[in-house]
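First up is the structure itself, then whatever we jot down about it.
Protein chains: 2
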Amino acid sequence: MPTLHRTLPALRRLRLANAFFQQPARLRLRPAAQPLRSLHSSPQVRQEEKKASPTTSASSADHAPQDAPDRPQSKIKYTSDSYPDLKRDSRFKTVSKEDVEHFKKILGSEAAILDGVTNETGEEDFEQYNSDWMRKYRGQCRLVLKPETTEQVSGVLKYCNEQSLAVVPQGGNSGLVGGSVPVFDEIVINLSRLNKVRSFDDVSGVLVADAGVILQQADEYVGKQNHIFPLDLGAKGTCQIGANVATNAGGLRLLRYGSMHGNVLGLECVLPDGTIMDDLSKLRKNNTGYDLKQLFIGGEGTIGIITAISILCPQRSSAVNVAYFGLESYEKVMEAFKEAKKQLGEILSAFELMDRQSQSLYHQASGAKLPLEGEHPFYCLIETSGSNTEHDSEKLNAFLEHVMSEEIVSDGVVAESETQLQSLWACREGISEAGQHWGGVYKYDLSIPLPELYSLVEDARKMFESNGLMHTEDETFPVKDVVGYGHMGDSNLHLNVATRRYDKEVERALEPWVYEWVAKRQGSISAEHGLGLAKKAFIGYSRSETMIRLMGKIKETFDPKGIMNPYKYI
Amino acid sequence: MPTLHRTLPALRRLRLANAFFQQPARLRLRPAAQPLRSLHSSPQVRQEEKKASPTTSASSADHAPQDAPDRPQSKIKYTSDSYPDLKRDSRFKTVSKEDVEHFKKILGSEAAILDGVTNETGEEDFEQYNSDWMRKYRGQCRLVLKPETTEQVSGVLKYCNEQSLAVVPQGGNSGLVGGSVPVFDEIVINLSRLNKVRSFDDVSGVLVADAGVILQQADEYVGKQNHIFPLDLGAKGTCQIGANVATNAGGLRLLRYGSMHGNVLGLECVLPDGTIMDDLSKLRKNNTGYDLKQLFIGGEGTIGIITAISILCPQRSSAVNVAYFGLESYEKVMEAFKEAKKQLGEILSAFELMDRQSQSLYHQASGAKLPLEGEHPFYCLIETSGSNTEHDSEKLNAFLEHVMSEEIVSDGVVAESETQLQSLWACREGISEAGQHWGGVYKYDLSIPLPELYSLVEDARKMFESNGLMHTEDETFPVKDVVGYGHMGDSNLHLNVATRRYDKEVERALEPWVYEWVAKRQGSISAEHGLGLAKKAFIGYSRSETMIRLMGKIKETFDPKGIMNPYKYI
Chain A
1 MPTLHRTLPA
11 LRRLRLANAF
21 FQQPARLRLR
31 PAAQPLRSLH
41 SSPQVRQEEK
51 KASPTTSASS
61 ADHAPQDAPD
71 RPQSKIKYTS
81 DSYPDLKRDS
91 RFKTVSKEDV
101 EHFKKILGSE
111 AAILDGVTNE
121 TGEEDFEQYN
131 SDWMRKYRGQ
141 CRLVLKPETT
151 EQVSGVLKYC
161 NEQSLAVVPQ
171 GGNSGLVGGS
181 VPVFDEIVIN
191 LSRLNKVRSF
201 DDVSGVLVAD
211 AGVILQQADE
221 YVGKQNHIFP
231 LDLGAKGTCQ
241 IGANVATNAG
251 GLRLLRYGSM
261 HGNVLGLECV
271 LPDGTIMDDL
281 SKLRKNNTGY
291 DLKQLFIGGE
301 GTIGIITAIS
311 ILCPQRSSAV
321 NVAYFGLESY
331 EKVMEAFKEA
341 KKQLGEILSA
351 FELMDRQSQS
361 LYHQASGAKL
371 PLEGEHPFYC
381 LIETSGSNTE
391 HDSEKLNAFL
401 EHVMSEEIVS
411 DGVVAESETQ
421 LQSLWACREG
431 ISEAGQHWGG
441 VYKYDLSIPL
451 PELYSLVEDA
461 RKMFESNGLM
471 HTEDETFPVK
481 DVVGYGHMGD
491 SNLHLNVATR
501 RYDKEVERAL
511 EPWVYEWVAK
521 RQGSISAEHG
531 LGLAKKAFIG
541 YSRSETMIRL
551 MGKIKETFDP
561 KGIMNPYKYI
Chain B
1 MPTLHRTLPA
11 LRRLRLANAF
21 FQQPARLRLR
31 PAAQPLRSLH
41 SSPQVRQEEK
51 KASPTTSASS
61 ADHAPQDAPD
71 RPQSKIKYTS
81 DSYPDLKRDS
91 RFKTVSKEDV
101 EHFKKILGSE
111 AAILDGVTNE
121 TGEEDFEQYN
131 SDWMRKYRGQ
141 CRLVLKPETT
151 EQVSGVLKYC
161 NEQSLAVVPQ
171 GGNSGLVGGS
181 VPVFDEIVIN
191 LSRLNKVRSF
201 DDVSGVLVAD
211 AGVILQQADE
221 YVGKQNHIFP
231 LDLGAKGTCQ
241 IGANVATNAG
251 GLRLLRYGSM
261 HGNVLGLECV
271 LPDGTIMDDL
281 SKLRKNNTGY
291 DLKQLFIGGE
301 GTIGIITAIS
311 ILCPQRSSAV
321 NVAYFGLESY
331 EKVMEAFKEA
341 KKQLGEILSA
351 FELMDRQSQS
361 LYHQASGAKL
371 PLEGEHPFYC
381 LIETSGSNTE
391 HDSEKLNAFL
401 EHVMSEEIVS
411 DGVVAESETQ
421 LQSLWACREG
431 ISEAGQHWGG
441 VYKYDLSIPL
451 PELYSLVEDA
461 RKMFESNGLM
471 HTEDETFPVK
481 DVVGYGHMGD
491 SNLHLNVATR
501 RYDKEVERAL
511 EPWVYEWVAK
521 RQGSISAEHG
531 LGLAKKAFIG
541 YSRSETMIRL
551 MGKIKETFDP
561 KGIMNPYKYI
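First to last, the protein sequences are chains A and B. Be aware that the first sequence starts at 1, since it is given in UniProt numbering, and climbs by one per residue. Be aware that the second sequence starts at 1, since it is given in UniProt numbering, and climbs by one per residue.
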C-alpha cells in the first residue's frame, strides 16, 4: 500500500481545521445537575431530579417521542384523562385483599410487594411505577409485585390469569411510548429484583442473565472480559436488558452489531398462564421449528414476560476514532456514507447525520464553538471502532483524503483526544436539547429509506412556510425551525420541529401529515421506540390490515384472556 | 505499534512451515466431473451427473445429514415406503382435470405447468421435483406449477386452500432433510420462474429480490456493486434465496454476518388462503408490532410461501487471508479461538475446527500432502476478510506470533497465494468426502455449547470402542473412525462416523444416543439444516413440549386446513 501523501491539499485543509479546532465545545449541553446518564441512575433519583426541573426533563433524551412541548406541571395527568376514549376493561377483576394475601404467599418477603390495597400506602409511593419519566402517562395501580425468581413470576401470572387480573410488566420504566406503566389499576410486575447474571462464556461471548439486570451493569460485566453488550443507549443506567429485548431497543450500536433479532440467542419467558417457556439457548444455530422467541422480541410484554435472556456479545474494540464533516448536499452525504462503508468497512461503527439548522440551533443554544469554520448545508459524524489504533487511523486518513480530494466532503476535523472526541459527539447529541431552548419540540422518530430520508425535513419546511407558521427570526411565528438529524447508518431520522410556544395549529399541521408522508415511502412511524400507548392508534401507517389481523391472532393465541399489558400495542 | 520482529522463533518456524508447504494439496478432493458447485448449476444437469455416479453424489456436500451410507441404487425408494407409518391425509383432495384447467387459467403459459394429470407426462419428468438430490426421498406428485408472479402464487394457493389440495413449496430443491419434495401427491409449487431482482440500493446495501433468484446470482449481482450476499453455502449455484430464508440457511458467512433473523429486513409472503402479506420493508428499524416475518424465516414453507425478500448486504471485503494451525488439545483450540476474536476482531471471518482423525482421513483418501509436518491432535483454519490487505496481514502476523510464542498453537502456515489458500480450505472442505472413501458415513449436524463441543466426538469413540464396533485398521470392524470438525465459530459440529459397510448395529448404537447426548447439553439436533421430514420425529430433543405445543398453534393459526408442506416439520 502506498504511503499517505500527507501534504495533499485536502489533508492540509484538514490539519488547518484541526488547528482551528483548539477550543473544544463545552462538554455536553445538558445542565450539569441533570446529565442524561446520571439522570437515569435509579428511578428514585430520577424522579427527584425531574421534579426539580420538569420543564427540560422531557427533552434530555435524544430519542424523545413526538409530544406537545413541555410545560411546567405540578402533577402528571392521568392517562385515562388524556385518553378519554379509553375505558377500563370490565373483564378484569379489581385486586382484592385475598389476592394480595395470595401474592404474599408466592413472593414471601414483604419487600417484594408495594401494597396499596390492604394498607394506606400513599399515592406518591406508587408514582415511580405509575408514571413514566417523560411525565406523559399516569396509571392508577395500587399493587406492585417484585418477583425474585422465574418461578415466582410464573406463580404470579398463573394466579392473575385464573383470576382475570390485568398486569403490566415493568423494567427500568425508561420507555418513551407509555408501554411500561399501567393505564388503570393493572398490577405492576416489576422485574428489578430478578437481576443475576447467570453465566458468561468468554470464548463464545454468550451472556445469560436475568431480565432485570441493568443494561450498564451487563455491559460492564462483559466489559471486564473484553466484550461489549451489543446494545447501547442513553438510558443504560436505568433500563433493563429483559425490557430492552421486549422493546427491541435499537440504540447506538445497531449499525455495527445489528438488532436484537440477530443477537438474542435465547429467551426464558413466562406465558400468561404461568407456563415457563424455556428457550434459553446459547447456540447461534438451531433450526428446529418456528423461532418463537422472535415474537417476544419487540412484543412489549403483551404475550408473556421475559425472565432471562441469552445474548451474543461481540469483542470489545480497543481503538475508537471520530471525525466530523461539512458537506454541500444530501447527495454528497449519501456519497460519503457509501465511501465510508467501502473504505472503512469493518471498522465503521457510527454514521450520524446533522443538518445545518440542527448545528446552528446547537451553536445558538449552547454557545459552543462549532468544529468547522463557515457553514455547510449538512454535517456528518463518523466513528470507527477496531482492534488496532494505527490501522484504524490509517484507514480513516485514507478515507478523509479521498472524500476531501474528491470534494465529497467540503471540510472536516478528526478528534485527536478524548476531549475532542466528546466535543464532536456533543454536536450530535446536543441537538435534541438545543431545540428546546426557545420553547418546545415536536419530535418524531422515523425510519425512511435512505434516498428519501432527508426529503421529509425539506417537505416539512415547505409545508410550514406555505401555511405561514414558521419564521426563524420573527417571534410572532410559532415554529422557529425544522431540523433533521439521526442515525443515517440505520436510515433512522429524528425530525424535530422547534417551536416558540405550544400551538394547536402546528400540531394539526403535523399530524397525520408526517405519518402519511412516512407511510407513502414504506417507512416506519416508530423506528426504535415501539408502539406502547402512544403509537397504538397509528400502527396502520406502517403495517397492513393483514398483518395487524395476524398480530391480533398471535396475541389471542398466547394471551387469550388479554391480561398482558392491556390497552396498548396493537 | 512496534514493528514485527520477524526473526522471532515462532515466525521462523512459520516461515519454515511455509517453505515446506510448497506443494499445494490437490485442489479439492471431489471427482473432477462432479465439483460441488457445478454439480448444482441446474437441476437438470445435477440429475444427469448424479445418475452417472450415484454412489458418491450424496456425500459431496459438507453438510450432508445423517443417513445410511450410500449404496448404488437404480431407483430412489418412495418416501411412503421408507416411512410406512406415514399415511396420506384423507382431508386432501386428489388433483382433478378441472383443477389443472383452473391452474392453467391462473398461470397462463403452458411452460408454467408440468402436468401428469391430464396427459401422459412420464414419471421421469417429475423426478427432479419428486426426489431430492441425496436420493433419499421420493414423492408421487403429478402436478408441478411454476408461477411467475406473486399474484399467481396467490391465485394458486387460494384455490388450493378452497379445494383442500396439499402443496409443497420448492426452491432449488437442494435441502438435506426432505423438506422440499412431496411425500404423496402434493402439488409442487416451484419458485424458479419468480426470479427477478427488484431493486438494490448501493448506499444502504439493501437488496429486494424475488424468492426464486439463485443465491449465486444474487451474490454476483450485489458483488458488481461491491457488496456481498450475507449467506454463502455449497449449493449456491442451485439454491434460491427465498428458500434460503424459509430454511434459515446458515453456511459459511454466519460467524461474521450473523443469521437470517438479523439480516432479512422484510418479506413478501403468500398465506395459504391466498392473502399476500406485504412486509417487504427496506428498513433496519421498524418497531411496530410483532415481527411476523421471523416465523417465516426457518418456517420451511409450512405457513405460507415466501415470494420476495429484502435483505441487508454487507460491504465486500477486498483482502482475504487464510492460516492453518496444529494444536495440542481442544483447550488450546478454545484459547486460539478466544485470541483470534480478540486480536483479529472485526476481520475474523471463519474459524474452522478439524481433528487429527479428520485430517488423517483426508490425507489417506485424497493423497494430498498436509500443510504441516508431524501430527497434531487438532487443526484450525482461520480466515480473515477486511478492507485493507496490509493491515489484515499485519494483524494476522501479530496474532500468529502471539499464539505461537505463547504455545497456544504448535505449528502453522499462512497461505501466500490463491492456490495455497484453496489448498488450505481443501483440508477442511475435503473431509466430508474423505470419510466416504471406505464405505459410507453417518453424518450429524449439531449445535453444542462451545466448551463441550468436542466431547461428543470423544464420547462417541469411547462408545464404539466399548461395544467393539470400531477399529481403524482391522477391516472386520464396521466403524473405521469417528471424526469431528465444523464451524467452531458458530458452535456447529459435524460428527461423522466413517464406516466400512452399512450396519444396523452401528445405527442402533448411534441413535438415539447422539440426540440424547446433545439434548443433555441443550444443544440442537439440527444446527442449520432444519427439520423437514428427516428430523420431524426428533424435535423433542431440542424443544420443550410447551414450545412444540405453541408451534402447533402457530401452524394452525396460519394454515388451518394444513395444506402447506404436510407430513413434515413439527
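The C-beta atom is built at its ideal place from N, Cα and C for all residues, glycine as well. Given the structure is predicted, the values throughout are model-derived calculations rather than measurements.
Query, Result
"Spatial neighbours of Ile76(A) in its chain, beta-carbon cut-off 6 Å, leaving aside the 5 residues before and after", "Ser131, Arg135 and Arg138"
"First through last residue of the alpha helix (DSSP H) which encompasses Asp474(A)", "Taken as a continuous stretch (DSSP letters only), Asp474(A) belongs to no alpha helix (DSSP H), as it is neither H nor E."
"Residues in the region 164 to 183 of chain A having any Cβ partner in chain B nearer than 8 Å", "none"
"Selection of the region 272 to 291 of chain A by Cβ proximity to chain B, strictly under 7 Å", "Thr275, Met277, Asp278, Asp279, Ser281, Lys282, Leu283, Arg284, Lys285, Asn286, Asn287, Thr288, Gly289, Tyr290 and Asp291"
"DSSP-derived helix/strand/coil call for Thr307(A)", "strand"
"Residue nearest to Ser491(B) in terms of C-alpha spacing, selected from Val264(A), Gly489(A), Arg284(A) and Leu400(A)", "Arg284(A)"
"N-terminal and C-terminal residue of the alpha helix (DSSP H) that Asp445(B) is part of", "Per DSSP, Asp445(B) belongs to no alpha helix (DSSP H); it is in the beta strand (DSSP E), Gly440 to Ser447."
"With 16 other Cβ atoms within 10 Å as the buried cut-off, status of Ser358(A)", "buried"
"Segment contact, 8 Å Cβ cut-off, at least three pairs: the region 270 to 280 of chain A with the region 296 to 315 of chain A", "yes"
"For Tyr324(B), the three-state DSSP class (helix, strand or coil)", "strand"
"Gly258(A) beta carbon less than 7 Å from that of Gly258(B)", "yes"
"Inter-stretch contact (C-beta, 8 Å, three-pair minimum) for the region 327 to 345 of chain A and the region 370 to 380 of chain B", "no"
"Minimum length 4: unbroken alpha helix (DSSP H) runs contained in the region 473 to 535 of chain A", "504 to 510 and 513 to 520"
"Inter-stretch contact at 8 Å, needing at least 3 Cβ pairs: the region 427 to 442 of chain B / the region 355 to 372 of chain B", "yes"
"Heavy atom of the ligand ATP within 6 Å of Glu127(A) beta-carbon", "Judged by which ligands are present, the structure shown has none, so any question about the ligand ATP falls away."
"N-terminal and C-terminal residue of the alpha helix (DSSP H) that Thr389(B) is part of", "Thr389 to Ser405"
"For Val264(A), three-class secondary structure by DSSP", "strand"
"Those residues which DSSP pairs with Ile408(B) across a bridge", "DSSP output for Ile408(B) lists no bridge partner at all."
"DSSP three-state assignment for Lys555(A), whether helix, strand or coil", "helix"
"Coil, strand or helix - Ala368(A) by DSSP", "coil"
"8 Å contact criterion, which Ala246(B) and Gly299(B) should meet: CB distance rounded", "6 Å"
"Interface residues of chain A facing Met551(B) [CB-CB closer than 8 Å]", "Gly289, Tyr290 and Leu292"
"Partners in chain B for Ala209(A), counting only beta-carbon separations shorter than 7 Å", "Here the premise fails: no neighbours, minimum Cβ distance about 16 Å."
"Alpha-carbon to alpha-carbon, Leu531(B) and Gly289(A)", "7 Å"
"Per DSSP, cross-strand counterpart(s) of Arg138(B)", "Ser131(B)"
"Among Lys536(B), Ala460(B) and Gly301(B), the one whose alpha carbon lies nearest that of Ala509(B)", "Ala460(B)"
"Reduced DSSP secondary structure (H/G/I, E/B, other) of Gln66(A)", "Residue placement at Gln66(A) is poorly supported in this model, since its pLDDT is 40, which falls under 50; the coordinates are not used for a value here."
"Candidates Val167(A), Asp185(A) and Val206(A): closest to Leu191(A) by CA position", "Val167(A)"
"The region 192 to 199 of chain B in contact with the region 550 to 563 of chain B per 3-pair CB rule at 8 Å", "no"
"Pro169(B) (DSSP reduced to helix, strand or coil)", "strand"
"The region 396 to 415 of chain A in contact with the region 479 to 487 of chain A per 3-pair CB rule at 8 Å", "no"
"Coarse secondary structure for Thr7(A), derived from DSSP in three states", "At Thr7(A) the pLDDT is 27, less than 50, meaning the model places this residue with poor confidence; the figure from the coordinates comes in the next sentence. Coil, per DSSP."
"Cβ-based burial, Gln364(A) [other Cβ within 10 Å; buried from 16]", "exposed"
"According to DSSP, residues forming a beta bridge with Leu353(B)", "Cys380(B) and Gly486(B)"
"Ser387(B) versus Asp392(A): straight-line alpha-carbon distance, rounded", "11 Å"
"Three CB pairs or more closer than 8 Å across the region 399 to 406 of chain A and the region 366 to 373 of chain A", "no"
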